[in-house]
Ligand SMILES: [Zn+2]
């Protein structure tokens, strides 16, 4: 998956592994956005945050 602005690779695959080449990922309402490391654009990525995990571990996350 590449950045639509500068064509820099955002997600690449290594065999069975998926590598996210971004330092910042923002999860908003089930939508994930990664910041392109090259041009700093916000790129929507097909990744879901496991919200049931968040709820089950609420005390862990709010620490
Ligand atoms: Zn970019």
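Residue numbers (this note's numbering): 752 to 814.
All C-beta atoms, glycine included, are put in the ideal place defined by N, C-alpha and C.
Quick caveat, the model's predicted, so the values are computed rather than measured.
Quick check: does the Cβ of residue i come within less than 8 Å of any heavy atom belonging to ligand 1?
i: residue 763; result: no
i: residue 803; result: no
i: residue 770; result: no
i: residue 776; result: no
Along the chain, where does the beta strand (DSSP E) containing residue i start, and where does it finish?
i: residue 763; result: 762-765
i: residue 777; result: 776-779
i: residue 794; result: 793-796
i: residue 758; result: Where residue 758 is concerned, there is no enclosing beta strand (DSSP E), given that its DSSP letter is neither H nor E.
i: residue 786; result: 782-786
Give the single residue among the options whose Cα lies nearest to the Cα of residue i.
i: residue 764; options: 757, 772, 758; result: 772
i: residue 781; options: 795, 789, 790, 787; result: 795
i: residue 758; options: 793, 800, 806, 803; result: 793
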